[in-house]
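Going letter by letter, the sequence shown gives residues 0 to 205 in numbering that gives the first Met the number 0. First comes the structure, then the notes that go with it.
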Amino acid sequence: MNQEYTIPAANHRVDEKIRRSHFITTVGPAATVEDARAFIKGVRAEFDTANHNCWAYVVGPPGSTGHAGMSDDGEPHGTAGRPMLTVLLHSGIGDIVAVVTRFFGGVKLGKGGLVKAYSGGVKSALDALPRVEKMPMAEVEAVIAHRDVTLFQRMLPEFSAEVVDAGFAVAASYRLKMPTKYVETFKVRLADLTNGQAHVVVHQAD
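Encoded structure:
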């Protein structure tokens, strides 16, 4: 996954009263499905006396459905989780999870009213959600001759490369972490520097 995309920078919460019911929407980052499930579990524990804790998440780039989930948590089918997920999928934000907690106030909203309440809660939370750009990282293993070490080290800042580990035996070996978008250019520069003698292996870090 080489693309950069927008993700939540922190958790954010909004609440509103709709015909006596209290709706609390909590949104946050979820880099993995496990993160999303832990977030949902945490909100459920916080509001364990609520009538419903409906949720939806999208793990991955904005709009991707490969790792998405939702739940109506007892509300009529299709009135909570699906509308929430639809808002997330069209938000332009990835790696995101939302939980809408409802304390029932005694007045039924009807299916249309529920859809509006749950989707509206997520929209309101997203309006003021702090955001940040996610930059996918790669781990690069490079083995070079000792004579190339000085020039190699000088070029690392150009690629925002961090030295994770280094060893100096018959050859100099480095384990680096750098933004994925710089990897191909880095490989070309390293080949030029070492006259094609460098050995490079790339692993996706996240």
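Note that CB positions come from ideal geometry on N, CA and C, so glycine has one too.
With 16 as the cutoff for other CB atoms within 10 Å, does Glu74 come out buried or exposed? buried
For Ser159, which residues in the same chain have their Cβ closer than 7 angstroms to its Cβ, ignoring the five residues on either side in sequence? Met177, Pro178, Tyr181
Three-state secondary structure (DSSP) of Met134: coil
In terms of alpha-carbon separation, which member of Pro82, Phe185, Ser70, Ala124 lies closest to Gly27? For Gly27, the nearest C-alpha among the options comes from Ala124.
With DSSP as the reference, label Leu175 as helix, strand or coil. Secondary structure at Leu175: strand, using DSSP grouped into helix, strand and coil.
Under 8 angstroms between C-beta atoms of Ile23 and Ile95: no
Between Arg12 and the rest of its own chain, which residues show a CB-CB distance below 6 angstroms, the 5 nearest in sequence each way excluded? Thr25
If you follow the alpha helix (DSSP H) that Gly109 is part of, which residue opens it and which one closes it? 109 to 126
Taking Val57 as the reference, which of Ala141, Thr78, Leu84 has the closest Cα? Leu84
DSSP-derived helix/strand/coil call for Ile95: strand
Just to confirm the assignment, what range does the alpha helix (DSSP H) spanning Ala44 have? 32 to 45
Rounded C-alpha distance that separates Arg18 from Gly111: 14 angstroms
Are the CB atoms of Val121 and Ile39 nearer to each other than 8 angstroms? no
Can you tell me whether Thr78 is buried or exposed? The criterion is at least 16 other CB atoms within 10 Å of its CB, across all chains shown. Buried, since its Cβ has 16 or more Cβ neighbours within 10 Å.
Quick one: any contact between the segment 138 to 146 and the segment 192 to 203, if contact means 3 or more CB pairs under 8 angstroms? yes
Do Asn50 and Phe103 come within 8 angstroms of each other at the CB atom, strictly closer than that value? yes
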